[in-house]
Amino acid sequence: MSRVSIPDLGEIVGVFRKEYAKTPKLVKVVDCFIVYAVTTALLQYSYMLICGSFPYNAFLAGLGCSLGFAILTVCFRMQINEGKMLEKVFADYCVACIFLFLVAISYVG
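Note that my numbering gives residue 40 to position 31 of the sequence shown, counting from 1, and the numbers run on in steps of one.
Structure representation (C-alpha cells):
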C-alpha cells in the first residue's frame with residue numbers, strides 16, 4: 010500500500026484544476042446544483058442529529074428529496090457529456106424531478 014504525499018496531492022489538485030477549466034459552463038452549473046443538493050442533505054441530517062427527528066416522515070421526505078435530486082442531477086450531467094439532444098434530456102430531467110417532488114410531498118402527508 011503506497012502513501013500519497015503532500016506534493017503528490019498538490020500535483021493531483023493542479024491537474025484537476027487544469028482539466029476542469031476545459032469543462033463547459035453548463036456542466037459547471039450542473040456541478041454546482043449537485044454540490045447544493047448534497048450540502049442540503051448533509052445539513053438536514055445534521056439538524057436531525059442535533060434537534061431530533063420529531064416529524065420523522067418530514068425528515069425522510071426532505072432527505073430523500075435532496076438525495077434524489079442530487080442523483081437525478083448526476084444522471085443529467087452524464088447525459089449532457091454524452092452529447093445527446095439537450096432539449097430531450099432536459100425535459101426528461103424536469104419530468105423526473107417533478108415526479109420526485111410529488112412523491113416527497115405525498116410522503117409528508
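Note that beta-carbon positions come from the ideal geometry of N, C-alpha and C, so glycine has one too. These figures come from a predicted structure and were not determined experimentally.
* Would you identify the three-state DSSP class for threonine 120, choosing helix, strand or coil? => Because residue 120 is not part of the residues shown, which for the chain are 10 to 118, the question remains open.
| message | Please classify leucine 111 as buried or exposed, where buried requires at least 16 other C-beta atoms within 10 Å of its C-beta. | response | As a position in the sequence shown, residue 111 is number 102, starting the count at 1. By the neighbour-count rule (16 or more Cβ atoms within 10 Å), leucine 111 is not buried but exposed.
- Task: Give every residue of the same chain whose Cβ lies closer than 8 Å to the Cβ of valine 36, excluding the five residues on either side of it in the sequence, and list them in chain order.
- Result: Here residue 36 refers to the residue found at position 27 of the sequence shown. Answer for valine 36: Arg86, Ile89 and Asn90, listed in chain order.
Report task. Return yes when the Cβ of leucine 52 is within less than 9 Å of the Cβ of leucine 81, no when it is not. Result -> If you number the sequence shown from 1, residue 81 lands on position 72. If you number the sequence shown from 1, residue 52 lands on position 43. For leucine 81 and leucine 52, no; Cβs fall outside 9 Å.
### Task
Please go through the same chain and pick out, in chain order, the residues whose beta-carbon is closer than 7 Å to the beta-carbon of cysteine 106, but skip the five residues on each side of it.
By 1-based counting over the sequence shown, the position of residue 106 is 97. Hits under 7 Å: Phe78 and Leu81.
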